[in-house]
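Input: a single structure, listed below in structure tokens.
Protein chains in written order, with the numbering used here: chain A, 47 to 731; chain B, 3 to 84.
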């Protein structure tokens, strides 16, 4: 059985991910393709005895060196050399979509075009002569409707045939006109002579084209002055002739080629009319109405997650409680077993505490997927841009931040849509301030404990708002100091409004939700075990436990353990914040994984199981004032994000430095702010 | 008559084009990055730009190569058209 590697490329909004899902179905995951350091979405599918590995590249408009996503996409194609590249094209606006296609053609990998959204194209009155167009582009073209599931088999067939044919030399290349072709020829010869290695890896023509475009990445790879000088000369020569950068002229020629090919093969019988989309946009992006509409929608999103999520959450809580009891029951009553403790108090409590919030998080991701699939998200980014710009960020930054209210892990992944590196780093660093779903475990324990029903809503909102405000301030500070620089001016495609298919919305929701679950299953599980060890060893001698009941015994044991001792050590530092060693212990746990805070606290207070939340609350109320309760939440909100988030920051930001910076600065910030609030609050009350 | 023709071909900023009007791109006066990005999106010399909304009261929205795009603060001021 042969293995075929297929790369999916295409513009954003071309329906590429629906096609990816169509091809791979349930067999997909985010993975590291061997040898590649960047995480990409990968999936498998089997067709006629061949195993196809499908890699979903980031959606891009082009393959320049200007943005992370483009670099990821092009590295994969040039270095991993997939057997087939599928360019997913939105058939209802072919010309713009084929721009990327021309660049893919130049890269020389075997190519297949998927003319997606074929139904929309038909509705717009477009008629294609695919045979002729296929000949001009020298690649097979398959019409598909990704979100309805049409075209799968023909596409797989085309991929298979193309893979079997392998690399062919092209007859038609994108013609750039005599003057440019002449310079390209010169550069190709120079590269062949001086940079043979480079030429073999990437292909002479592609290199020459990139050099003439003054592509930063490629220019940096060239060692020999002779080549660079020649390129310089060519660029200046062409600048003189065209009174424009060669890069722009070449873009123009590409569109010329596309236009020519399309004119011969596509008939458009319907003129673009001012439609319903435009009317909605007039309201939604309106200078006066836009922001209020946006805020109403955001409120609806959060309402959905909190109110609707309530019931499934209770169900899950009960389920994990039952699970804990069931596992516990496997051992005879009264027996002491470290394994039982590990499983029930460590694993089930730890992981359960996280998974309980899955409904909440999934609902948020569902709402976001809905907003994205209908097309509203682009408009929202535009509306937010005016505000974001004031703190130095791009309108698009709001999307990862919104996702951050569910879980930081998919949120940081989402920052890839930001092209400006400084922008992206700033956003990554402040995402943890968006109170994530995990922190909800802490709020839902503490808020009912300290505040009357009347106050609960406002207190919760205030925590969220404080997080947002802090994020704004920090982002601004970062942009004024470390990450100075111009933001990319806002240019964003406004896709036509669409009625989303349930299938695609659910898949988008699940893709992000899965990241959260994976985090729970791996990192949180690991941390829970580590913390369980720290909280249970070393054990006190038998005589210390004489005469105490089970709950009190556990309390003593905790004080005796590593965790307890460190908590005691830290107490002097925590007193100014209103905390004691018990809170300190729980906070230690939460520095590694937010969710574990609650289970740690319940151990400290010798509560027996999850169901004793009210008992725990009573004890907390007895020990602390509402001010302290609020301060605890404040500290948890701001302080260091969970291990999974840190790990992802390191990955996406590229170095340990940023991860450490995020960890320390947020913790220090948390300390300072909680200190101020507690001290001021105590004086006042 | 000659004056009318000259006016129609007069070079002006995209931001000056009224809602519903069309124009052809002359040049983008911006840094390499924005220039390149816009070119990839279809803003090449002689490309037809239709102004769907000039920004009062909405955002600046155009159609280029059949695709609708929102342009933010100042981008429309950097594009010369005729």
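Heads up, the beta-carbon is just placed ideally off N, CA and C, and yes, glycines get one too. A quick note: this is a predicted structure, and the numbers were derived from the prediction, not measured.
From the listed residues A:513, A:500, A:465 and A:489, the smallest Cα separation to residue 480 (chain A) is found for A:513.
Under DSSP, residue 573 (chain A) takes part in no beta bridge, so it has no partner. As summarised for the region 596-631 of chain A, the continuous alpha helix (DSSP H) elements at least 4 residues long and confined to that stretch are 596-606 and 608-620, given in chain order. Pairing residue 522 (chain A) with residue 105 (chain A), the inter-Cα distance amounts to about 29 angstroms.
Beta-bridge analysis with DSSP links residue 56 (chain B) to B:62. Close to chain A, meaning a Cβ-Cβ distance shorter than 9 angstroms, are the following residues of the region 63-76 of chain B: 63, 65, 66, 67, 68, 69, 70, 71, 72, 73, 74, 75 and 76. Runs of the beta strand (DSSP E) spanning 3 or more residues and lying entirely within the region 125-178 of chain A occur at 130-136, 157-162 and 172-174, in chain order.
Counting C-beta pairs closer than 8 angstroms gives fewer than three between the region 10-25 of chain B and the region 721-731 of chain A, which falls short of the contact rule.
Neighbours of residue 660 (chain A) in chain B, taken as residues at a C-beta separation under 7 angstroms, are lacking, since the least C-beta distance is about 51 angstroms. Cβ proximity to chain A below 9 angstroms picks out 35, 36, 37, 38, 39, 40, 41, 42, 43, 44, 45, 46, 47, 48, 49, 52, 54, 55 and 57 from the region 35-57 of chain B.
DSSP places residue 54 (chain A) in no alpha helix (DSSP H) but in the uninterrupted beta strand (DSSP E) bounded by 48-56. In the assembly as shown, residue 214 (chain A) is an exposed residue. Its beta-carbon has fewer than 16 other beta-carbons within 10 Å.
For the region 426-510 of chain A, the continuous alpha helix (DSSP H) assignments of 4+ residues that do not extend past its boundaries occur at 444-450, 454-460, 467-476 and 485-496, in sequence order. The C-beta of residue 252 (chain A) has 16 or more other C-beta atoms within 10 Å across all chains shown, which makes the residue buried.
Within the model, the alpha-carbon separation for residue 559 (chain A) versus residue 483 (chain A) is close to 11 angstroms. For residue 111 (chain A), no alpha helix (DSSP H) segment is defined, and its DSSP state is neither H nor E.
Looking at the DSSP output, residue 93 (chain A) sits in a beta bridge with A:96. Taking the Cα of residue 295 (chain A) as reference, the smallest distance to any Cα among A:222, A:321, A:128 and A:238 is reached at A:222. Put simply, the region 453-461 of chain A does not touch the region 525-536 of chain A. Fewer than three CB pairs are less than 8 angstroms apart. Residue 284 (chain A) does not reach chain B, its nearest Cβ partner there being about 14 angstroms away, counting only Cβ pairs nearer than 9 angstroms. Ranked by Cα distance from residue 529 (chain A), the options A:473, A:195, A:407 and A:497 are led by A:473. DSSP places residue 71 (chain B) in the strand class (E or B) of the three-state scheme. The alpha-carbon of residue 416 (chain A) is positioned some 18 angstroms away from that of residue 463 (chain A). For the region 93-124 of chain A, the set of residues with a beta-carbon nearer than 7 angstroms to any beta-carbon of chain B comprises 107, 108, 110 and 112, in chain order. In its chain, beyond the 5 residues on either side, 137, 189, 190 and 191 have a beta carbon closer than 7 angstroms to the beta carbon of residue 164 (chain A). Looking at the DSSP output, residue 191 (chain A) sits in a beta bridge with A:196. Assigned with DSSP and collapsed to three states, residue 81 (chain B) falls in strand.
For secondary structure counted as the beta strand (DSSP E) over 3 or more consecutive residues, the region 232-265 of chain A holds no complete run.
Taking every protein chain shown into account, the CB of residue 585 (chain A) has fewer than 16 other CB atoms within 10 angstroms, so this residue is exposed. Annotation: Cβ neighbours of residue 61 (chain B) in chain A (cutoff 7 angstroms, chain order): 331 and 428. For residue 269 (chain A), there is no enclosing beta strand (DSSP E), as DSSP marks it with neither H nor E.
Per DSSP, residue 293 (chain A) is one residue of the alpha helix (DSSP H) stretching across 292-311.
In the DSSP assignment, residue 29 (chain B) falls within the unbroken beta strand (DSSP E) covering 24-30. Residue 432 (chain A) is positioned such that its CB atom lies no closer than 7 angstroms to that of residue 531 (chain A). In this structure, A:297 is the residue among A:297, A:217 and A:286 with its C-alpha nearest to the C-alpha of residue 256 (chain A). Sorting A:629, A:311, A:357 and A:305 by C-alpha distance to the C-alpha of residue 181 (chain A) places A:311 at the top.
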